[in-house]
Structures are given as structure tokens and as C-alpha cells.
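In mature numbering (1 follows the signal peptide of the UniProt record, and there is no 0), the protein residues as written are -23 to -1, 1 to 1046.
For reference, the structure is listed below as C-alpha cells.
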């Protein structure tokens, strides 16, 4: 019989054989603890043989480690265990040696276990046994690769880490803690440096973060495993200070959680010397924990100095189970020891009802796919469109099932990191050998050699990550969405806000919420809901101008497939990217389906189902509140391709007929949020220059896209000159739609849709603009200007400050707008509608509060319009300060990427995260005072230092030259000149073209042919702020200062290049 010391429990054996089955190596080694006919594995950290065990049973020879005892024995730490002799060449009395498994990437390929061996995870409703480790990292910076190795090799379910030394953002070091298939919860120190706790856990574990009172005396994170209150975990780090204050405060936090959870685990670094006779606050704390039924389980040193600082308390397992097989082992890269144990958790922890089915992407070869699919059957060319879509889905499914059949995805299998190469695997094996040598004697020379190799191993991992990230960034450089996904994966840890509830019940709750929200809005209207209104049945207001679509050719289909975003819906028969890659052979298939739909005037019924993915409106909102989510429709890819064809032809018709409202900037070529804001601010500045007072009203609509009435929309479509199969196709597109909510692998039942246009479709924005067309005419009929961007409606009314009736005009306009919204079954939300008073004096706004639906709208000092903060004096100080804060926060995150990226890749990331913020609507920054622009210029300078690696005090002007960056003020001028060029050449909005005009002298002059613009006279512009900042004044002045060869550039691309070269000379030469 063998007796084991707690510190050496993990050093028993590398391989044991039980019941004729081979053991397997997991982690740094395995031993088998016999128990009945089965056995339980216990990972070890070294290759020490039985002669390194501190106690031996009678009749045993030191160094052999054989035991004649049969049967089972206790599996607790320090208990006697059975030693089973090896078989084959390792039998016949020979001692067991380490058998290393084959290693591919980071996945250990091992023989299968015997079915009688207990495994981790829930089985048939029985309890789950989670592998938990606890250690103090003493800063995870520079140690993420070692922590990942520990988690993967130990097959950890929950890794509890104290003293992470991470800030609130976490950044790269936090994401690097998570191996593939893991997520993280993180709680930093609220003030100062150091401290912090984190929990890395498997994605298959339904773990939810719960609120817990935070303190400046300690950090903690409270997690709930499973549903309800069956198991709670509290991870704590308490620094060794203010003991008399922090320990009682921590006891109060624990007392609240004891009442909430049936079973509770409290663990972490408490900095309480449990190995000594405690006194004072420490003694009271341990007594309080015992009073609450929490038993402390760690015995033995957990620190290199021999102290017991890391503790594990458990409560609620009176019937047996709880914390089992608790062992302690030394770690070479921190002064704290590793505590590991198995935790009996509630049963059925695995997400979903079974294994997830996936298709290996490596098997999806476009050429093989086309070969399996074959040519389009000519006999089906004349079939109805619904039959053709069914043929498409059936043949695509058959082809993809042939080349890449679905297979179950094992959630317990260790996943190799994409950057982990065979060379790194060899280095890892060498590292483990050196670690085993060090553990055999714990002498300083072995530790020094191990430390040196650990640094080399970390440097190799860093280089491999750097090469992998550089390749990913280079491949996504021309694809902004893909680039942001790469960057987000580097900077944002997975599921930091807590594991979502992806159950079918939550899907049904979401579906009911979205349906009830629309039904409640519609029930408030007096009119009766009908699918078809009288507007459709009556004669159109104008003759039919478009009654049929133009059929597409193979070249058109190939172009659309190449330009359409390859977003895949769960209803698609095969991945959309595969259709895009194989578009050369699939063009004929798509062409037949599209032309059949256009000829018949029918949208296929099987493509009308929308899969709703609830999207959180803001990351800071509570994810448990359904009202904080926006329903985004994910539609079948073939339906989107069909929408692209119709949208391109419908857009051409709208341009030819000039049907849309001129103030509408949403989803129109050449229009955008920046053009709308430039026009709005220009109007406000010119009115301010005239001494007028302006009221800016920002209307808020509730679920505008979801409440569009189909009958009214079809009436507008008929009124604009659509008829025949075109109107019939659009009617088919709108009617008979349904949607279901999808979360993870769960889906809700389909819900029919009687109104609304699906958010996420190609046609919906265009149809919504047509629906909103009459609104602008109503607003302008009262002498009030308006600016529209989809459902963002902004009213601007200017008047002399002495006029008292102006607000009454605005009130009548708002009442007319409210009546129109009600008649068109759109709901205004007065509580969220904002009003900004723009004037020279704040007291001029007394008594000017407008009224909307009986609600008096208060005047605000600043409002956010299309992402830009506007203040009452148009100083843009709040906007610049907010941009600078956000850009600095992003720059702080990017700084963590510097060790992993080269200079070109780092510059790409800075452009995506920082420069894009500085450049958004920067045409509004032209002419701002130097004290205001200096905030943004400071961000740009720090970004230049970050990329070039320059010192803090090094001058940044040479750095900007080196990077070919224009300073902030010149970037604003560049944007104004680009907008002016678009306005002059017909590629910009009409409302900007009206603000700039060609210079036409009264008589023939040499300047007549120099493409100059007319500059407003001094009598028209009195204020210096207007002369320097208003677009209609600044754009002509900057334009006329350009050389004539720049003004006469033949294209926008050529103009931008020449303007940047000229501004470069102005800035640096």
C-alpha cells in the first residue's frame, strides 16, 4: 500500500493498466486509481516513477513501486492507491515507464478508454464531474501560452486565475487566455494596478455571470453553472492589506451568496495564512465561513514560501460528492502552486440535445461540387419558379452531402490553435521533458535551464502568432467586415458578458416579444389592418411606366454573385461562399430561377421565411431585456440574389423618374450620413449668421421597418408608375412572409407576418424610402426644412428671435407629421424625441418648447444626430471630446497588439479602429479652433508613435511624413474638397450641389475658364465662424485655392490623388 503526500499526489505513475485495457496519457501524465472494476484518471505533471513517492507499503522495494494489494481504494488525496503492473513488454515485474502519445498540433491522439472508466460530463442525467484548476498567475502578461498549455493538457473545464493584472478592457492578453473552444469571464481591479480575477471555461458549459457587490478591497466574480441556483462559484482575490476591513466585507458578500445557491464553491487567493494558528480578523473570517457551512479543503503549502494562501471552500454537498481528488503541484512560472480538483456539478450540463453536426470545409472543393452537381437539366427550363427553387435546394443538398457529409462535432476534443505548428509541438515536448527533470530534484540549475527554455518557447509562440495574424490581416485588408472580425477576435474575449441562454424557450419568448410589439403598435391605430388597401385597387396616379423586368444574362448573374455578400442562412442548402466560388458553373442554374421569377411576377414561397437573429443595440445594454434587441433578418442566399436583380432595375427607375424625396439620404448612391450632416450643419450655421434662432427636432419612430403597411406601400408603388408583372412581383415579395427566431441550435416556431419589410434584405431600404416619400413634402409645406436618413427624421425650423408665432408653426407641422404617421401606421415616440435650440444666447429659447402629441418636448443642450453630437452653439466641443476619448480607448487596445504585428499590419489595424473614428464626418471639423483640433491631433500623434515605435518626446511631424498622413486640419479640408467635387460633377446629393455654384463673371475674364466657384460676399456672411466652417462658404474658398490642373481632374480618383499631393505640400513643405 502506498501513502502519498498532498504535494506529491500527482507524481505517482505515467501509465497503469486496468482490466486488460491500456491507460492513456492526459495532461502531463496519468495514473490510475483503482476503484472496484473501474478506475479514475489523475493527471500528473512529471515523469517521476514510484521511487519518488514519499511513503511505501510493507513488502515494497523503493524504486519498483509494485503492490500486491487488489481491489479498490479511496480516491481522495493522500489516500492509499493501487499500483497495477503493466502488460506486454512493460509487464513481468518491470517498472512502468512513460509512454508518450502521438501529438498532432495540440491534440493528443490516445487509445480509446474502456467504457467502464468514468468520464467527464453529464451522462444519462447523472452528475457531471468538472475538472477545475486554481492558481495565482502573478500577471498573465507574457504567460498566456503557458496558461493555454496548462488548460489544454490538463483537459480543464474551469480554470480559475487570480492576480491577472489586467485592466478593464482586457485586450489581447485576455483573449489569448482562451484556447479554441473556451470563453472567459473577467473582473479587473476597480482602481490602481495589479489584482484581478478571470475564469476560463469550456463553451459547452452553460455558465452565466451573476452580479455581485464589488469592493476596492478585493476582486471577485460570481458565476452560476447550469440553470436556476443549483451551483454557484465565487472566485476571489484579496490582497494582503486592510485585513480588518476587507475580510468582514468579503464575509458579507459570501453570506448573501450562501442564501442564493443550493451549492456554493468559494475559492481564490485570500492571503490568509491557513497553515498557522489564526487570530484577529483572519480567525473571525474562517469562523464565519464555517458558520455558513463552508468547509475549507486545502491542506498543505500553496506558495513557494510554504504558506497556505490559496483556499477552496465548499458548501451544500452534505449528501456526498462536491470537491474530490484535490491535489497541489508546483508551477515553474509563478510563485504560487496549482490546485486542481474535480467538482461534482448538476447533471445535464451539456448544451443542446446532442452533438452538433458540421461539414468539414476542407472537403468543400468548388470543382468537385460542380462535378457532383452536374449541368442544369434542360427538361426543367420551363418549370414554375417554385419547382425550380425546389430543384435547386434538392440538387445542392445532394451535391454537398456527397462531397462533405455532415458529421458530429465533439465538444470535448482539444482543438489545435491555427498558429500551433509541428515545430512548436516539438518544442513543447522538449519543454515538458525539462520540466520533468526539474521536478525530479527541484534544484536551481534545472530550474534555470527550464526558465531559459520557457522564454525561448514563448518567443517561438509569439513569432508563430505574429505570422498567422499578419496573414489574416493581409487577406482581409480589402474587406472591412472581415478585417473587423479579425481585430475583434484579437481584442474581444469570447462571451465575456456571460453565456447566452440559447434554449428553445428563449427563442419562443423572443418570437412572442417581437410579434406582440408590432401587434401592440398596430392596435393603437384606428384604421383596420388590411393586407391590400384601396390605394392598390384604385387607378394609379400616373400611367404605368414599368410593367415588366428585364431578363438577366449569364454575365449579369456572374457579376451579382461576385458582388453579393456571401452570408449564409440556416435555410440554405449549402454555404454561400461555396456558391460564390463556384459561380462560373452555377450561373446557368441561377439564371433560370431568376428569369422564371421575373417572368411570372412571383417571389418563390420557399424563400419568404426569415430567420431572426436578435442583435443587441448597444454592448452596454442589459441582454436579459428583450427590448434592448433589434430583430435582424437572415434570409436565404438565393432570395437575396433575386432581390439584387430587382433592386438594380428598380434603382435605375427611381433615378430616371427622380421619385425619391431630395432630402432622403438613406441607402442611396452618393448619399450618406456625412452628406446629410454637412447640409444640416451648413443650414444651421447660415441661419446663425443671419441672427436667427433654430429649433432642431429629432423624431424617434418605434419599429418603423416592422410596421410598414403592405397595402399602403403597394399603393405608393402603383402611384409611381409600376404595374404589370413588376407590381405583381413586389406584391408577392411582401405577402405571405413568415419569420422564426434562432439562437444557437434552437429555433422558434414560424410566425406569420402581415406587415413590415424584413430588416437585412436588399430591397427593404429602398421600399422604405418609397413609403416615406410623402413625409418630406408635408414638412416643407409649413416652411420647415427636413433631413431624412431612412427612419431618422430631422426637422429644422429657423426664425427671428423676436417672433413668437414661429413655435406655433412648428407645432402645426409636428401635428401634421403625427397625423401622417398615424395614417400610415407608423408610431412616433414623443418620450425619445429630442429638440436642440441653436442660438447665440441660451435665454432666447425661453418659451420655445414645441409640443408633439400633447407632450412638451424639453430643449436639450446637446443631441446626437446620426452619430455626431451637436451642441447649441455648434462648437462641436462635445463631439470632438467624445471622438478623442473613443479613439484613445481603441489606441490603448491596439497597443497590446504591437508585439504580435509588424508595422504594415499594425498600420492597417490603426486605420480600421482609430483613423476611421477621426475621419467620420470630419468635414464638420474644418475651421475649428486650434484648441479643439488639438485633441484629435494628439490622438493622431500617439497613433504615429505607436506604429513607428518612436519615443514619447520625439517630434511627430517627421513621423507623419514617414507614414504619409495628413494632419487633422488638412484631412478635414481634403474631405470638404472631395464633397465639393462630387457635388459639381453630379455624383453627390442634389442638396449639396445647390450649395456650390460655378463662378460666372458678368463679363469675359481669364478666370472664366479656370473652373472657379462663386464665394459668398462679406455682406452674406458676417460671422467669422460661418466664413471658416459653413460648407457653402468654405468649400468654394478652398476650391479656388487649388491649382487649375487639380480642379480640372477628369475623375474622382484622380482628383483625390492630386488634392492629397497638394495638401501634403501645404502641410509639410
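The beta carbon of each residue, even a glycine, is placed where N, CA and C say it ideally should be.
Model, not experiment: these values are computed from the prediction.
Taking 8 Å as the upper bound for CB-CB distance, residue 292 and residue 241 are in contact here, some 5 Å apart. Residue range 650 to 666 is occupied by the alpha helix (DSSP H) that includes residue 651. Each of 797, 783, 832, 774 was checked against the Cα of residue 813, and the nearest Cα belongs to 774.
CA-to-CA, the gap between residue 952 and residue 899 works out to about 7 Å. The beta carbon of residue 846 sits closer than 7 Å to the beta carbons of 839, 855, 856, 859 from its chain, once the five residues preceding and following it are set aside; these are given in chain order.
Residues 763, 772, 790, 794 of the same chain have their beta carbon placed closer than 7 Å to that of residue 756, with the five preceding and five following residues left out of the count. DSSP assignment within the stretch 280 to 363 yields the following whole beta strand (DSSP E) runs of 3 residues or more, N-terminal first: 287 to 292, 300 to 306, 315 to 322, 333 to 335. In this structure the stretch 266 to 285 lies against the stretch 298 to 308, because at least three pairs of beta carbons, one per stretch, are closer than 8 Å. With a 10 Å radius around the Cβ and a threshold of 16 neighbouring Cβ atoms, residue 1042 comes out exposed. Boundaries of the beta strand (DSSP E) around residue 112: 105 to 113. Per the coordinates, the alpha-carbon of residue 742 lies some 13 Å from the alpha-carbon of residue 625.
Residue 990 sits close to residue 976, with the two beta carbons spaced by under 7 Å. Counted as a single uninterrupted DSSP element, the stretch harbouring residue 881 is not any beta strand (DSSP E) but the alpha helix (DSSP H) occupying residues 880 to 887. In this structure, residue 947 sits near residue 1040, with a CB-CB distance shorter than 7 Å. By the CB criterion at 7 Å, residue 1045 and residue 938 fall inside the cutoff. As the crow flies, the alpha-carbon of residue 851 is around 13 Å from that of residue 1005. Take the alpha-carbon of residue 185 and the one of residue 174: they are about 16 Å apart.
No Cβ-Cβ contact shorter than 7 Å links residue 525 with residue 700. Put simply, of 637, 309, 758 the residue whose alpha carbon is nearest the alpha carbon of residue 419 is 309. The beta carbon of residue 251 is closer than 8 Å to those of 263, 273, 275, 285, 286, 288 in its chain, skipping five residues each way along the sequence.
For residue 590, the enclosing beta strand (DSSP E) covers residues 586 to 593. Contact between residue 864 and residue 895 is confirmed by a C-beta separation of about 6 Å, below the 8 Å threshold. The residue among 427, 930, 554 with its C-alpha nearest the C-alpha of residue 407 is 427. With a minimum length of 4 residues, the unbroken runs of alpha helix (DSSP H) contained wholly in the stretch 554 to 589 fall at 560 to 577. In this structure, residue 724 and residue 551 do not form a Cβ contact; the two beta carbons are roughly 19 Å apart against a cut-off of 8 Å. Counting the other Cβ atoms within 10 Å of the Cβ of residue 571 gives 16 or more, which makes it buried. Counting only runs of at least 3 residues, the stretch 736 to 796 fully encloses the following beta strand (DSSP E) elements, listed from N- to C-terminal order: 762 to 766, 769 to 776. For residue 423, the uninterrupted alpha helix (DSSP H) segment begins and ends at 421 to 452. In this chain, residue 1019 is not harboured by any beta strand (DSSP E), its DSSP state being neither H nor E. Your pair residue 579 and residue 534 does not check out as a contact, with CB atoms roughly 19 Å apart and the cut at 8 Å. The criterion of a C-beta distance shorter than 7 Å is not satisfied by residue 671 and residue 678. For residue 487, the enclosing alpha helix (DSSP H) stretches over residues 481 to 500.
The Cβ-Cβ distance between residue 608 and residue 589 falls below 7 Å. With respect to residue 682, residue 736 sits close: the two C-beta atoms are nearer than 7 Å.
For residue 433 against residue 398, the beta-carbon gap comes to about 15 Å, at or over 8 Å, which does not count as contact. Ranked by how close their Cα comes to the Cα of residue 621, the residues 690, 536, 647, 636 have 536 in first place.
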